[in-house]
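Mapping to UniProt numbering: the sequence shown position 316 is 316, numbers consecutive.
Right, one structure below, let's go through it.
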Amino acid sequence: MGSLDTNPTAFSAFGDDVSSGFQPLNPDDVRSYLHKAVDFISDYYKSVESLPVLPDVKPGYLRDQLRSAPPTSSAPFDVTMKELTASVVPGMTHWASPNFFAFFPATNSAAAIAGDLIASAMNTVGFTWQAAPAATEMEVLALDWLAQLLRLPSSFMNRTGAAGRGTGGGVILGTTSEAMLVTLVAARDAALRRSGSHGVSGLPRLAVYAADQTHSTFFKACRLAGFDPANIRSIPTGPETDYALDPARLLEVMRADVEAGLVPTYVCATVGTTSSNAVDSVGAIADVAAVFKAWVHIDAAYAGSACICPEFRHHLDGVERVDSISMSPHKWLLTCLDCTCLWVRDTHRLTDSLETNPEYLKNDASESGNVTDLKDMQVGVGRRFRGLKLWMVMRTYGAAKLQEHIRSDVAMAKMFEDAVRGDDRFEVVVPRNFALVCFRIKPHGGGMTEEDADEANHELMERLNRTGKAYLAHTVVGDRFVLRFAVGSSLQEERHVRSAWELINKTTSEIMQEHIAVE
């Protein structure tokens with residue numbers, strides 16, 4: 001039988017060379033398409049201020065405008081871009097708008113967009129160090145940089161200077177939900193081992209704790225991690241603690257659970273809750289949890305970014321006594337979605353629960369123990385090159401400009417708060433800790449009850465949002481309907497905050513006049 005080298009007709013059955021056919025990464029197309037996409041992005045940021053923040057569309061609108069079945073044949077890229085502009089953009093809620101005040105911001109920057117673009121182009125799947133050495137080490141480096149900006153203890157660092165590799169470390173995940181889930185799983189397994197449980201037989205005895213202001217994703221993650229809903233403690237808060245978790249109340253609840261035969265397993269403390277921006281006392285909560293050997297996690301998704309500024313760092317005091325902390329630069333640190341940073345004091349407690357080691361992923365680098373395989377600190381295996389955009393943000397702007405960005409937003413929020421406090425029709429419901437102002441029209445002596453005030457605030461929000469000139473959201477604090485005014489969009493300036501206040505003032509006057517007319 002002849003070899004391929006001596007048989008010139010060996011490949012004849014394959015026919016003509018087909019490599020000149022479809023080329024999805026044709027260099028000329030890459031350059032052309034991306035230039036057009038970048039032009040679109042630049043034009044979008046120039047014009048987004050003039051667009052209605054909330055779109056005027058009905059559910060199902062997009063299917064009516066775009067074909068319902070995929071095309072068989074190709075189309076010029078210009079056609080795709082035209083459909084994007086004509087059909088998609090008008091249906092977007094513009095989180096990038098400087099008139100967006102509804103939720104915690106989804107900040108962005110030129111450096112982050114560039115980093116995300118390059119990472120998407122490289123398209124690495126960095127499950128192990130060997131699969132993407134630079135991507136893995138970039139993530140480790142970016143996390144250590146950010147940990148230094150936050151002045152986290154060295155116990156949370158991947159590298160500890162001359163001492164080399166430490167026991168702690170971090171991973172960049174998609175969302176806070178993932179950070180909570182993986183730490184809950186690690187805490188669950190540690191508690192089962194500690195209580196002498198065989199397998200998961202002791203799972204029904206494990207209890208977890210958080211304030212009622214804690215993000216709803218925590219309670220969802222608890223269920224996903226297998227905790228009995230009957231043992232998920234949502235501890236009530238009130239104005240006496242500015243809606244923060246009361247450590248004394250936590251101790252009382254945990255003691256009662258122990259007496260009932262339960263095993264306190266995990267406590268979630270929040271720095272900057274979603275509804276009211278409350279700040280739980282990290283150190284005091286860690287002290288309580290230590291009595292029961294429970295895992296303590298800090299959710300600093302939003303407000304953690306502010307802690308790169310020395311004047312806000314005290315909110316993390318006591319962090320050296322917790323087991324894990326997460327924050328999301330995609331909220332307030334100019335790094336586009338998705339980017340949630342999780343640090344743990346002992347990575348082995350995480351990897352012991354999450355490690356996978358199939359034969360096809362085994363390699364010398366992983367076996368050496370000298371590298372970090374980030375797949376073992378997350379739910380899935382595959383992962384994006386998220387570290388690049390975070391590193392590019394810090395490398396490009398530096399700590400000083402990032403701090404300037406935070407302080408500017410806080411100053412604008414204070415300006416808005418001062419305006420609210422200066423108008424006796426309104427009240428600020430909870431202290432403004434960062435750049436969120438929770439306020440409402442308050443009941444007045446003209447016969448407006450609490451129920452009337454709730455209706456007036458709901459009507460105010462609806463009318464504001466219908467204008468397209470501002471977008472606010474609401475929450476309920478102490479059984480009161482409250483408006484949330486979150487400063488922080490990357491394009492926001494003082495003039496946008498002032499314009500929003502003028503619109504609120506004008507619209508409130510209209511509502512008040514209508515209320516008087518009805519009386």
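Don't be surprised by glycine CBs; every beta carbon is placed ideally from N, CA and C.
Because the structure is a prediction, the values reported are computed rather than measured.
**Request:** Could you tell me which residues DSSP pairs with Met327 in its beta bridges?
**Result:** Along the sequence shown, read from residue 1 onward, the residue named residue 327 stands at position 327. The partner list for Met327 (beta bridge, DSSP) reads Cys341.
**Request:** Mind checking who Pro264 pairs with in its DSSP beta bridge?
**Result:** Residue 264 sits at position 264 when you count from the first residue of the sequence shown. Bridge partners of Pro264: Ala207.
**Request:** Put Ser509 into one of helix, strand or coil per three-state DSSP.
**Result:** Looking up residue 509 in the sequence shown gives position 509. Note: Ser509 maps to helix in three-state DSSP.
**Request:** Report yes if the CB atom of Ser366 is closer than 8 Å to the CB atom of Asn108, and no otherwise.
**Result:** What you label residue 366 is simply residue 366 of the sequence shown in a count that begins at 1. What you label residue 108 is simply residue 108 of the sequence shown in a count that begins at 1. It is not a contact, given that the beta carbons lie outside the stated cut-off.
**Asked** Straight-line CA distance for Leu250 to Ala286?
**Response** The residue given as residue 250 occupies position 250 in the sequence shown. The residue given as residue 286 occupies position 286 in the sequence shown. Each residue's alpha carbon lies about 11 Å from the other.
**Residue from Arg151, Asp299 and Ala190 with nearest C-alpha to Val263** = Taking the sequence shown and counting its residues from 1, one reaches residue 263 at position 263. If we check each option's Cα against that of Val263, Ala190 comes out closest.
**Asked** How about Ala190: is its Cβ closer than 7 Å to a heavy atom in the ligand GDP?
**Response** Ligands displayed in this structure: none; no statement on the ligand GDP is therefore possible.
**Request:** Identify, in the order they occur along the chain, each residue of the same chain with its Cβ nearer than 7 Å to the Cβ of Phe312, setting aside the five sequence neighbours on each side.
**Result:** By one-based count along the sequence shown, residue 312 stands at place 312. Once the five neighbours on either side are set aside, the close Cβ partners of Phe312 are Ala306.
**Three-way DSSP call (helix, strand, coil) for Trp95 in this model** = As a working mapping, residue 95 is identified with position 95 in the sequence shown. The answer is coil: DSSP assigns Trp95 none of H, G, I, E or B.
**Asked** In chain order, what residues of the same chain have a beta carbon less than 6 Å from the beta carbon of Gln513, not counting five sequence neighbours either side?
**Response** Taking the first residue of the sequence shown as 1, we reach residue 513 at position 513. Taking Gln513 as the centre and dropping the five residues before and after it, the same chain places no C-beta closer than 6 Å to its C-beta.
**Request:** On the DSSP bridge assignment, give the partners of Gly169 in chain order.
**Result:** Along the sequence shown, one-based indexing puts residue 169 at 169. According to DSSP, which records beta bridges pairwise, Gly169 is partnered with Val344.
**Message:** Could you tell me the alpha carbon to alpha carbon distance between Arg440 and Phe385, rounded to whole angstroms?
**Reply:** As a first step, residue 440 is located in the sequence shown; it is residue number 440 there, counting from the start. As a first step, residue 385 is located in the sequence shown; it is residue number 385 there, counting from the start. When rounded, the distance between both Cα atoms is 43 Å.
**Request:** Identify, in the order they occur along the chain, each residue of the same chain with its Cβ nearer than 7 Å to the Cβ of Arg349, setting aside the five sequence neighbours on each side.
**Result:** Counting from one through the sequence shown, the residue named residue 349 turns up at place 349. If the five residues before and after Arg349 are omitted, its C-beta is found closer than 7 Å to the C-beta atoms of Ala186 and Ala190, all from its own chain and listed in chain order.
**Message:** Rounded to the nearest angstrom, what separates Asp317 and Trp391 at their Cα positions?
**Reply:** As a position in the sequence shown, residue 317 is number 317, starting the count at 1. As a position in the sequence shown, residue 391 is number 391, starting the count at 1. Put simply, the backbone Cα of Asp317 is about 26 Å away from that of Trp391.
**Identity of the residues DSSP links to Asp299 by a beta bridge** = Along the sequence shown, read from residue 1 onward, the residue named residue 299 stands at position 299. BP columns for Asp299 point to Thr270 and Ser326.
**Prompt:** In three-state DSSP terms, what is Glu493?
**Reply:** In the sequence shown, counting from the first residue as 1, residue 493 sits at position 493. Reduced to three states, the DSSP call for Glu493 is coil.
**Message:** Looking at the secondary structure, which residues open and close the beta strand (DSSP E) in which Arg480 lies?
**Reply:** Here residue 480 refers to the residue found at position 480 when the sequence shown is read from its first residue. It spans Arg480 to Ala486 - the beta strand (DSSP E) in which Arg480 sits, taken as one unbroken run.
**Request:** On the DSSP bridge assignment, give the partners of Thr475 in chain order.
**Result:** The residue labelled residue 475 in the question sits at position 475 within the sequence shown. Thr475 is bridged to Val482.
**Message:** Tell me the rounded alpha-carbon separation between residue 520 and Ile325.
**Reply:** In this structure the chain extends from 1 to 519, so residue 520 is not present and cannot be described.
**Message:** From the DSSP secondary-structure annotation, give me the bridge partner or partners of Phe439.
**Reply:** On the sequence shown, position 439 is the one that residue 439 refers to. By DSSP's assignment, Phe439 forms a beta bridge with Val428 and Leu483.
**Message:** For Pro153 and Val279, what's the separation of their Cα atoms in angstroms?
**Reply:** On the sequence shown, position 153 is the one that residue 153 refers to. On the sequence shown, position 279 is the one that residue 279 refers to. Their Cα atoms are separated by approximately 20 Å.
**Asked** Based on Cα-Cα distance, which residue from Thr508, Ala486, Ser499 and Arg421 lies nearest to Glu462?
**Response** Mapped onto the sequence shown, residue 462 falls at position 462. Nearest of Thr508, Ala486, Ser499 and Arg421 to Glu462, Cα basis: Thr508.
**Request:** Work out the CA separation of Leu203 and Ala260 for me, nearest whole Å.
**Result:** Walking along the sequence shown from the start, residue 260 turns up at place 260. Walking along the sequence shown from the start, residue 203 turns up at place 203. Answer to the nearest angstrom: the Cα atoms are 15 Å apart.
**Request:** Round the Cβ separation of Phe485 and Val437 to the nearest angstrom and send it over; I've been treating them as touching at under 8 Å.
**Result:** Within the sequence shown, numbered from 1, the residue matching residue 485 stands at position 485. Within the sequence shown, numbered from 1, the residue matching residue 437 stands at position 437. With 8 Å as the limit, Phe485 and Val437 qualify as a contact, their Cβ atoms being about 4 Å apart.
**Request:** Would you mind sorting Lys506 into buried or exposed? The rule is 16 or more other CB atoms within 10 Å of its CB.
**Result:** In the sequence shown, counting from the first residue as 1, residue 506 sits at position 506. Looking at its Cβ environment, which holds fewer than 16 other Cβ atoms inside 10 Å, Lys506 is exposed.
**Message:** Here's a check: name, in chain order, each residue in its chain whose Cβ is nearer than 7 Å to the Cβ of Arg63, leaving out the five neighbours to either side.
**Reply:** To locate residue 63, count along the sequence shown from 1; it is residue 63. Taken in chain order, the list of residues that qualify is empty.
**Item:** Coil, strand or helix - Phe156 by DSSP
**Value:** Within the sequence shown, the letter at position 156 stands for residue 156. The answer is helix: DSSP assigns Phe156 an H, G or I state.
**Prompt:** In whole angstroms, what is the alpha-carbon distance linking Ala230 and Arg205?
**Reply:** Your numbering for residue 230 matches position 230 in the sequence shown. Your numbering for residue 205 matches position 205 in the sequence shown. Spanning the two alpha carbons is a distance of roughly 10 Å.
**Request:** May I have the straight-line CA-CA distance separating Val296 from Val322, to the nearest angstrom?
**Result:** Sequence index remark: in the sequence shown, residue 296 carries index 296 (1-based). Sequence index remark: in the sequence shown, residue 322 carries index 322 (1-based). Distance between the alpha carbons of Val296 and Val322: 5 Å.
**Prompt:** Any chance the region 442 to 452 sits against the region 402 to 415, with 3 or more Cβ pairs inside 8 Å?
**Reply:** Not touching, per the Cβ criterion.
**Request:** Assign Leu234 to one of three DSSP states: helix, strand, or coil.
**Result:** Residue numbering aside, residue 234 sits at position 234 when the sequence shown is read from its first letter. Before going further, note that residue 234 is Ser rather than Leu in the sequence given. Here DSSP, grouped into helix, strand and coil, assigns Ser234 to strand.
**Request:** State the beta-bridge partners of Pro100 as determined by DSSP.
**Result:** On the sequence shown, residue 100 is found 100 positions in, with the first residue counted as 1. Per the sequence shown, residue 100 should be read as Phe rather than Pro. In DSSP, Phe100 forms a bridge with Tyr471.
**Request:** Taking only the alpha-carbon atoms, compute the straight-line gap between Gly382 and Arg495 and give it to the nearest angstrom.
**Result:** In the sequence shown, counting from the first residue as 1, residue 382 sits at position 382. In the sequence shown, counting from the first residue as 1, residue 495 sits at position 495. Rounded to the nearest whole angstrom, the CA to CA distance from Gly382 to Arg495 is 44 Å.
**Request:** Consult DSSP for Ala179 and reduce its assignment to one of helix, strand or coil.
**Result:** In the sequence shown, counting from the first residue as 1, residue 179 sits at position 179. Three-state result, Ala179: helix.
**Item:** Rounded separation between Glu451 and Ala112 - CA only
**Value:** Taking the first residue of the sequence shown as 1, we reach residue 451 at position 451. Taking the first residue of the sequence shown as 1, we reach residue 112 at position 112. When the Cα atoms are used, Glu451 and Ala112 turn out to be separated by approximately 45 Å.
**Message:** Using beta carbons (cut-off 8 Å, strictly below), is Ala294 in contact with chain B?
**Reply:** Considering every chain present, this structure includes no chain B. It has just one protein chain.
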